[in-house]
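Worksheet: one structure, shown below.
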Amino acid sequence: MISTMIPDRYDVIRLGKSEVTAAATTLARAFQDDPLFVYLIPDPVARQNALLVILQVMVRYGVLYGEVHTTSPNIEAVTVWLPPASAGMSFWRLIRSGGLSLLTKLSGRTIARLWRFNASTAPLQRRLTRLPHWYLGFIGVEPAYQKQGYAGKLLRYMLSRVDREHLPCFLDTQNANNVAIYQHFGFRVVEETIIPGSALKYWAMLRDRVE
Numbered sequence: 006m007i008s009t010m011i012p013d014r015y016d017v018i019r020l021g022k023s024e025v026t027a028a029a030t031t032l033a034r035a036f037q038d039d040p041l042f043v044y045l046i047p048d049p050v051a052r053q054n055a056l057l058v059i060l061q062v063m064v065r066y067g068v069l070y071g072e073v074h075t076t077s078p079n080i081e082a083v084t085v086w087l088p089p090a091s092a093g094m095s096f097w098r099l100i101r102s103g104g105l106s107l108l109t110k111l112s113g114r115t116i117a118r119l120w121r122f123n124a125s126t127a128p129l130q131r132r133l134t135r136l137p138h139w140y141l142g143f144i145g146v147e148p149a150y151q152k153q154g155y156a157g158k159l160l161r162y163m164l165s166r167v168d169r170e171h172l173p174c175f176l177d178t179q180n181a182n183n184v185a186i187y188q189h190f191g192f193r194v195v196e197e198t199i200i201p202g203s204a205l206k207y208w209a210m211l212r213d214r215v216e
């Protein structure tokens, strides 16, 4: 269970375009050792640089077409949410969010692995989410602030809103340690598989709508 050590004075803040780099930096540090990014970029030094490129695009996409939240102006933790109308990422929206930088700044091997991952998981998401839903794209906490309640605060804030809207919520993870945490917040595993051509495990999780 996530603890509740976060200061009560901290409120959830919605981030805008000017905070994209800061939010991506927090996520990059949080995901440095994440199994997905270790698979995409095995070398730790190259991963550190590539993560910021990838996550700047993802955060900008969230700012433009969804919502990006944090816990205070210090940006200790970040969530990227996509609403029902944008839960399935669009190629042209990805380009508008800076997606071309992925082609120019990432290695061919990383791009090939990223393409393989998306080709395997996008059909799963479409199959498992027939109804309009919110998609939790990313949630990450600065290493120095982990296990202090920041992630829980961000999750509870948005999930209470999703419940008021009577909508389901979908996420996926490649980290076995995260599965029990998300289950604590009402998600259930609806698909467990291994990405073809890799040893990377993948869990799809759905939180049913509240009637």
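Under this note's numbering, the first residue of the sequence shown carries the number 6, and numbering increases by one thereafter. From the three backbone atoms N, C-alpha and C, an ideal C-beta is built for every residue, glycine too.
Find the nearest neighbour of residue i within the set the options, judged by alpha-carbon distance.
{"i": "G157", "options": "F190, E170, H171 and R132", "result": "F190"}
{"i": "Q37", "options": "E196, S77 and V58", "result": "V58"}
{"i": "T26", "options": "E197, S102, K206 and R114", "result": "S102"}
{"i": "T84", "options": "I144, S106 and L205", "result": "I144"}
{"i": "H74", "options": "T109, Y187, G21 and K152", "result": "G21"}
{"i": "E170", "options": "V215, T109 and W86", "result": "V215"}
{"i": "A181", "options": "S165, R166, D168 and T198", "result": "T198"}
{"i": "V184", "options": "K206, R166 and G154", "result": "K206"}
{"i": "L41", "options": "S23, E24 and L60", "result": "L60"}
{"i": "S23", "options": "P78, L87, V43 and R118", "result": "P78"}
{"i": "L141", "options": "M163, F122 and A117", "result": "M163"}
{"i": "I200", "options": "V167, L133, L129 and D168", "result": "L129"}
{"i": "G93", "options": "I80, R161, R131 and G104", "result": "R131"}
{"i": "P88", "options": "L99, T126 and V167", "result": "V167"}
{"i": "R161", "options": "V50, P49 and R212", "result": "R212"}
{"i": "W86", "options": "L159, V195, E196 and K152", "result": "L159"}
{"i": "S112", "options": "E196, V195 and A51", "result": "A51"}
{"i": "A35", "options": "F122, Q179 and Q151", "result": "Q151"}
{"i": "F122", "options": "T178, R19 and Q153", "result": "T178"}
I'd like to check one pair, residue j with residue i: are the Cβ atoms closer than 7 Å?
{"i": "I46", "j": "A55", "result": "yes"}
{"i": "A28", "j": "V62", "result": "no"}
{"i": "C174", "j": "W208", "result": "no"}
{"i": "S95", "j": "G71", "result": "no"}
{"i": "L172", "j": "M210", "result": "no"}
{"i": "A82", "j": "V17", "result": "no"}
{"i": "Y187", "j": "T76", "result": "no"}
{"i": "Y220", "j": "S203", "result": "The chain is shown from 6 up to 216; residue 220 falls before or after that span and cannot be answered."}
If we count the other Cβ atoms within 10 Å of its Cβ and call it buried at 16 or more, is residue i buried or exposed?
{"i": "L136", "result": "exposed"}
{"i": "T31", "result": "buried"}
{"i": "G67", "result": "buried"}
{"i": "I80", "result": "buried"}
{"i": "T134", "result": "buried"}
Which residue or residues does DSSP assign as beta-bridge partners of residue i?
{"i": "H74", "result": "R19 and T84"}
{"i": "W139", "result": "C174"}
{"i": "W3", "result": "Residue 3 falls outside the range modelled here, since the chain spans only 6 to 216, and no answer is possible."}
{"i": "G103", "result": "Partner(s): none; G103 has no beta bridge."}
{"i": "G67", "result": "BP columns for G67 are empty, so no partner."}
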